[in-house]
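S.K.:
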Amino acid sequence: MLQPQNYPRFIGKALLLEPDPFVEMVDDDNPWIEGLFLCACIGVLVAVAQLIGNLLLTAALPPSEALLNTVLQTLRQGTAGGETLIEIENALRSGWPLLLAYSGYNTVGFSLLTLATTPLGLIGQWLFFGLASHLLARAAGGQGTLPQTLGAVALSNAPRLLYLFTMIPFVSVASVLIHVWGILIAFRGLEVAHELPPGPAALVAVGTYLLLLLVSAVAAMAFGALLLIAGGGL
Amino acid sequence: MNIRHWLPSPQKLSDAVQLRASGFTETSMRQSLGMVFILGLLAGFLPFLVNWELAASAGTALPLARLGAQASLLQQTPLNYIVTLFNPVHLGELFQLIAGLPQPLPGWLAAFISALGEWVNWPLRWLTLWIVYGALVMVCNSVLGAKCRLQPFFAATGFASAPLLLIGLSPIPCFGRICSVVGVIWALVVYTRANEEVTRLPRLRSLAAVLLPLLFVLIVTLSAIALFALFVFLFAASI
Chain A
217 MLQPQNYPRF IGKALLLEPD PFVEMVDDDN PWIEGLFLCA CIGVLVAVAQ
267 LIGNLLLTAA LPPSEALLNT VLQTLRQGTA GGETLIEIEN ALRSGWPLLL
317 AYSGYNTVGF SLLTLATTPL GLIGQWLFFG LASHLLARAA GGQGTLPQTL
367 GAVALSNAPR LLYLFTMIPF VSVASVLIHV WGILIAFRGL EVAHELPPGP
417 AALVAVGTYL LLLLVSAVAA MAFGALLLIA GGGL
Chain B
7 MNIRHWLPSP QKLSDAVQLR ASGFTETSMR QSLGMVFILG LLAGFLPFLV
57 NWELAASAGT ALPLARLGAQ ASLLQQTPLN YIVTLFNPVH LGELFQLIAG
107 LPQPLPGWLA AFISALGEWV NWPLRWLTLW IVYGALVMVC NSVLGAKCRL
157 QPFFAATGFA SAPLLLIGLS PIPCFGRICS VVGVIWALVV YTRANEEVTR
207 LPRLRSLAAV LLPLLFVLIV TLSAIALFAL FVFLFAASI
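Each protein sequence line maps, in turn, to chains A and B. When the count follows the working numbering, it moves up by one through the first sequence with no breaks and lands on 450 for the last residue. When the count follows the working numbering, it moves up by one through the second sequence with no breaks and lands on 245 for the last residue.
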């Protein structure tokens with residue numbers, strides 16, 4: 217049975233690497249459903265915070281078009297000329313939307329899209345991480361079931377709640393913090409769910425993360441190649 | 007919510023910064039987490055006021071105000087590859103133009119929220135240092151033979167954030183820099199002592215476990231800088 221009222225307590229204790237929330241998750245009648253709902257809640261909260269942050273950032277900075285035009289105007293007054301100037305201008309114009317999308321500046325439409333993509337992406341990532349870590353943990357001698365693993369590793373998304381601070385413009389949360397803290401929580405979760413000793417549990421958590429990193433890099437390269445084929449248009 | 011659950015006692019804090027063994031025991035990770043966050047906020051308060059004043063006087067967001075303030079420095083830039091694209095005088099003017107562009111929010115409000123964002127970054131950076139560097143040190147501890155759990159380790163090493171409070175004085179000319187250097191060195195000493203206390207490793211091994219990740223971070227950073235410089239050089243050479 218879903219118990220969202222317990223999520224703040226679970227998240228707080230998971231961040232402090234305490235075993236209790238993992239034990240409760242593993243003993244739940246439907247741990248994977250709890251995990252799914254927890255990931256969706258975190259994803260929605262983070263996406264809403266980022267949307268608010270992007271709106272405030274856009275309001276706190278000059279319009280992006282004015283900024284780009286000012287840069288281009290100065291460029292034309294510079295010492296570069298002819299084909300070089302045209303090349304630089306084209307590179308700037310094609311790279312500008314990517315820069316805006318990355319920074320969240322003047323991209324409210326794109327941010328609205330992330331209201332759906334952030335929870336979905338988080339759920340996809342959790343499913344992949346849960347499945348891969350389950351297989352590795354079983355190979356390392358773990359005893360847990362797949363639903364238990366999914367429930368336990370869902371709590372490794374708890375540090376993502378730090379992204380709520382991005383509601384304030386110019387706040388940046390280091391992704392290395394989110395990932396490393398997530399790995400530490402996943403390590404504790406795997407230790408509890410599979411009754412693994414610390415050494416193998418740590419290896420499984422780090423190994424799964426490296427696998428996820430590899431898959432993400434391949435996906436990013438595929439996306440980049442698609443973008444190139446499409447001619448740089450978003 | 008009781009504050010005693012989120013912060014160590016002042017006596018513990020005092021013992022820890024004086025490197026007394028009693029300072030590193032009986033503290034929970036929750037208390038260390040609270041301490042790192044609160045001290046980060048405290049350290050960032052003076053820089054927040056300075057940043058807010060800088061941005062408010064320019065009537066724009068902090069990054070743009072900084073850009074405007076740096077404009078004159080750029081005019082003496084020695085980077086020749088920039089001259090091929092921009093005249094440094096034009097670049098300085100560009101920064102001033104960008105800083106002067108109007109934004110939808112009133113200048114004072116844009117200045118405030120951007121300075122506030124920079125302030126919140128302080129405890130977040132400290133958390134990053136505490137967790138990420140701690141994880142690396144834990145790996146080294148394990149390799150060097152320590153048997154220590156994560157929670158007591160993080161609980162003890164959180165005290166290294168106390169001397170870092172001195173970095174908050176960095177906006178004060180000259181004195182601030184000296185304080186920052188003293189704060190960093192003191193924090194490193196407290197961190198090593200905390201690691202030694204919690205892992206029971208001999209002093210030299212504990213020091214090695216603390217310094218090895220620093221070496222690793224240094225090598226990674228230098229490699230990244232070298233790669234970036236190479237990229238810029240190749241880009242400049244191609245035009």
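We put the beta carbon where it would ideally sit given N, CA and C, even for glycine.
(1) List the residues of chain A whose Cβ lies closer than 8 Å to the Cβ of Arg36/B, in chain order.
(2) Short check: CB of Ala161/B to CB of Ser34/B, under 8 Å?
(3) Return the first residue and the last residue of the alpha helix (DSSP H) that His395/A is part of.
(4) Nearest-angstrom Cα distance between Leu261/A and Met383/A?
(5) Is it buried or exposed for Ser239/A, if we count other Cβ within 10 angstroms and need 16 for buried?
(6) Are the beta-carbon atoms belonging to Ile104/B and Thr286/A less than 8 Å from one another?
(7) When the cut-off is 8 Å and only beta carbons count, does Ile104/B lie next to chain A?
(8) Taking the alpha helix (DSSP H) that Trp128/B falls in, what are its first and last residues?
(9) If contacts are defined as beta-carbon pairs under 8 Å, then Phe43/B and Leu133/B qualify, I think. What distance do you get, rounded to the angstrom?
(10) Run down chain A in chain order and give the residues with a C-beta less than 9 Å from the C-beta of Pro110/B.
(11) What are the boundary residues of the alpha helix (DSSP H) that includes Pro416/A?
(12) Say whether the region 377-394 of chain A touches the region 429-437 of chain A, bearing in mind that this needs 3 or more beta-carbon pairs closer than 8 Å, one atom from each stretch.
(13) Rounded to the nearest angstrom, what separates Leu231/A and Pro375/A at their Cα positions?
(14) Is the separation between the beta-carbon of Ile258/A and that of Asn373/A shorter than 8 Å?
(15) Judging by CA-CA distance, which residue of Leu336/A, Ala348/A, Ala409/A and Val392/A is the nearest neighbour of Pro247/A?
(16) State the Cα-Cα distance for the pair Leu115/B and Thr274/A, rounded to the nearest angstrom.
(17) Among residues of its own chain, excluding the 5 on either side of Leu412/A, which ones have a beta-carbon nearer than 8 Å to its beta-carbon?
(18) With a cut-off of 8 Å on the beta carbons, I'd call Trp136/B and Gly50/B a contact; round off their distance for me.
(19) From the DSSP output, in three-state form, read off Asp245/A for me.
(20) Label Glu299/A either buried or exposed according to how many other C-beta atoms from any shown protein chain fall within 10 Å of its C-beta, with 16 as the threshold for buried.
(21) Any contact of the region 157-172 of chain B with the region 105-114 of chain B, i.e. 3+ C-beta pairs under 8 Å?
(22) Residues of chain B with CB under 9 Å from Ser349/A, in chain order?
(23) Are the CB atoms of Ala370/A and Gly251/A nearer to each other than 8 Å?
(24) Helix, strand or coil: how does DSSP classify Lys153/B here?
M.R.: Looking at the atomic coordinates:
(1) Those are Leu232, listed as they occur along chain A.
(2) Closer than 8 Å, so yes.
(3) Per DSSP, His395/A belongs to the alpha helix (DSSP H) from Ser391 to Ala409.
(4) For Leu261/A and Met383/A, the distance between alpha carbons rounds to 10 Å.
(5) Inspection of the sequence shows that residue 239/A is occupied by Val rather than by Ser. Counting Cβ neighbours within 10 Å, Val239/A comes out exposed, since fewer than 16 surround it.
(6) With respect to the 8 Å criterion, Ile104/B and Thr286/A are classified as neighbours on the basis of their beta carbons.
(7) Ile104/B counts as touching chain A.
(8) Counting along the chain, Trp128/B sits inside the alpha helix (DSSP H) bounded by residues Gly113 to Thr134.
(9) Confirmed, Cβ separation roughly 7 Å.
(10) Going along chain A in sequence order, the residues near Pro110/B (Cβ under 9 Å) are Thr274, Ala275, Ala276, Leu277, Pro278 and Pro279.
(11) Looking at the DSSP string, the run of the alpha helix (DSSP H) that includes Pro416/A is Pro414 to Ile445.
(12) Here the region 377-394 of chain A makes no contact with the region 429-437 of chain A; the two share fewer than three CB pairs at distances below 8 Å.
(13) If I take the Cα positions, the gap works out to 7 Å.
(14) Annotated as proximal: Ile258/A and Asn373/A, with beta-carbon spacing under 8 Å.
(15) It is Ala409/A.
(16) Just so you know, the alpha carbons of Leu115/B and Thr274/A end up roughly 13 Å apart.
(17) Cβ within range, chain order: Ala353, Ala356, Gly357, Gly358, Leu406 and Val420.
(18) At roughly 15 Å, the Cβ-Cβ gap does not stay under 8 Å, so Trp136/B and Gly50/B are not in contact.
(19) Assigned with DSSP and collapsed to three states, Asp245/A falls in coil, not helix or strand.
(20) The residue in question, Glu299/A, is exposed, as its Cβ has fewer than 16 Cβ neighbours within 10 Å.
(21) Short answer: they don't touch.
(22) Using a Cβ-Cβ cut-off of 9 Å, Ser349/A is close to nothing in chain B; its nearest Cβ partner there is about 17 Å away.
(23) Yes, the pair counts as a contact, with Cβ atoms nearer than the cut-off.
(24) Three-state DSSP puts Lys153/B in coil, outside helix and strand.
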